[in-house]
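Asker:
Residue numbers (full-length UniProt numbering): 1 to 130.
#1: Whole angstroms is fine: what's the gap from residue 89's alpha carbon to residue 12's?
#2: Please return the same chain residues whose Cβ sits closer than 6 Å to the Cβ of residue 52, not counting the five positions on each side in sequence.
#3: Thinking just about the alpha-carbon of each residue, which of 109, 113, 85 and 116 is nearest to the one in residue 62?
#4: Under a three-way DSSP split, which group does residue 119 fall into?
#5: According to DSSP, simplified to helix, strand and coil, what is residue 56?
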């Protein structure tokens, strides 16, 4: 088993609105540090930028937003993501696995990167008029 860490963020917006935003791959560049240059749809549920391809879970009613990032130095990196209701808002949880060739320092850095992205997402969505 790989060591893992789950990073979560509470978002003060209804689950359905957050899900609709996150389920649209074109929105990924609005809240992550992914390069926006050449970000385009490559196939059904697959987008890419440069040498990185991201496979997205098809829209579903369960709040599952898993992605698989292909073309990293570690091969394909699977990131399970779940969105669930919390009162009138929701929470997003993303799990990162420390793969065999990933140093502890890089793993900690990747987790911090995801935390930063989730804070940008929270700020962005909560700033939108509902």
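Where is the CB? At the ideal position from N, CA and C, for every residue including glycine.
Answerer: Reading it off the structure:
#1: Taking the Cα positions, residue 89 is about 4 Å away from residue 12.
#2: 71
#3: 85
#4: Helix.
#5: strand
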